[in-house]
Amino acid sequence: MKVLFATYPMAFHTPGGGEVQLLAYERHLADAGIEVARFDPWNPRFMEHDIVHYFSCVGGSSHFCAFVKQLGLPLVVSSSLWVTRETAAGFPIDEIRHQLFLADRVVTNSEAESAVLSGLLELPVAKFVTVRNAVDECFLRKSDPDAFRSAFDITGDIVLCVGNIEPRKNQLRLAEAMQAIEDATLVLAGGARDQDYLAAVRHAGGSKLRYVGNLEHAGELIRSAYAACTVFALPSLFETPGLAALEAAAQGAPVVITGEGSTREYFGSAARYVDPMSVSSIAAAISDALAQRLTCAAPSAFIPPTWHEVVAELKSIYSELV
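Next comes the structure, spelled out in structure tokens:
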């Protein structure tokens with residue numbers, strides 16, 4: 000079977016969470032006997048493939064998907080989207096509805112995402128199927144925490160946040176919350192998509208904050224950072240559910256994460272949930288995680304699935320449509 004992967008052009012060069020998912024699918028589907036090619040607008044080769052899998056619901060995507068259906072090819076869309084009736088005004092809802100209407104299957108990251116999108120967009124729930132987010136197997140092997148601490152000369156408790164520096168990831172409120180936390184350093188890792196926002200975050204964090212830039216995904220330093228941190232914090236405005244949080248949990252880090260999105264479906268009792276709009280909620284959860292770490296009264300262990308495991312479900316979806 001031959002599958003054509005497509006998304007907005009920047010994704011293959013500047014991967015965020017959704018694009019890490021795409022690249023992981025590409026790598027592991029080959030092991031499952033599925034031949035994957037990336038869409039090249041200069042040499043599209045649509046009809047050399049059995050199915051098209053499109054990643055994202057950004058503006059303009061519906062036109063591409065409509066063309067795929069005009070060619071008579073099966074279409075799978077990965078939504079990776081959390082939108083509610085309260086937040087719908089900030090999204091091109093009509094275009095998203097049309098794009099997902101065109102899809103033969105919409106792959107979501109959670110049952111909650113499927114239910115929300117089906118209800119909000121008034122599309123049949125049978126169109127949606129959940130394939131859970133996962134981690135690379137290297138994250139399940141314990142890493143050396145000293146490599147990260149030595150590389151950046153950091154001692155003491157670390158509150159780590161990994162993600163692109165942008166308002167949706169909510170690092171500003173996290174930096175403000177850290178002012179109530181004694182004897183801990185907030186470490187931010189990730190690409191700065193918004194330089195003005197980064198400047199505001201740095202100002203709010205002051206001497207408590209260290210920004211270490213973008214670390215290679217699945218590289219030694221990011222794995223060491225997860226192992227070194229005392230608490231991993233991801234108080235985003237929403238998450239579906241946050242690949243960095245899954246990776247940190249795989250390394251045994253206590254997780255403090257937003258309650259908005261599909262996070263509870265993944266972590267259950269193995270995380271502490273915050274109101275992302277409340278600085279005090281974020282501070283309280285981090286303080287509790289630090290205190291319970293000292294008494295060994297941590298939440299129950301959580302082991303995320305690996306990409307190798309979840310691509311079997313994706314292969315099943317392709318086989319059904321082809």
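Following numbering that gives the first Met the number 0, the numbering of the sequence shown begins with 0 at its first residue and continues without gaps. Beta carbons are placed, not taken as given, at the ideal position from N, Cα and C, and that holds for glycine.
Item	Value
Reference Gln20, options Glu34, Ala288, Gly241 and Lys126, closest by Cα	Gly241
DSSP state of Ile256 mapped onto helix, strand, coil	strand
Residue range of the alpha helix (DSSP H) that includes Cys56	Premise fails: Cys56 is in no alpha helix (DSSP H) and is neither H nor E.
Cβ neighbours of His48 in the same chain (closer than 8 Å, five flanking residues each side left out)	Lys1, Val2, Leu3, Ala36 and Leu72
According to DSSP, residues forming a beta bridge with Val186	Leu159 and Arg209
Where Pro303 falls, given that 16 or more other Cβ within 10 Å makes a residue buried	buried
C-alpha gap between Glu94 and Ser113, whole angstroms	17 Å
Val75 - containing alpha helix (DSSP H), residue span	Where Val75 is concerned, there is no enclosing alpha helix (DSSP H), although the beta strand (DSSP E) it sits in stretches over Leu74 to Ser77.
Beta-carbon spacing of Leu119, Lys68 below 8 Å	no
Neighbourhood of Ala191 by C-beta, 7 Å cutoff - its chain only, sequence neighbours within 5 removed	Ile164 and Leu197
Chain C contact for Trp81 (CB, 8 Å cutoff)	Annotation note: the requested chain C is absent from the structure, which comprises a single protein chain.
Counterpart residues of Val230 in DSSP-defined beta bridges	Val158
Residue from Arg209, Gly260, Val75 and Ser61 with nearest C-alpha to Thr154	Arg209
Collapsed DSSP secondary structure at Lys126 in the structure displayed	helix
8 Å contact criterion, which Ala249 and Phe147 should meet: CB distance rounded	Not quite, the Cβ-Cβ distance comes to about 16 Å (not below 8 Å), so this is no contact.
Cβ contact check for the segment 165 to 176 and the segment 133 to 145: 3 or more pairs under 8 Å	no
Contact check, Thr262 vs Pro234, beta carbons under 8 Å	no
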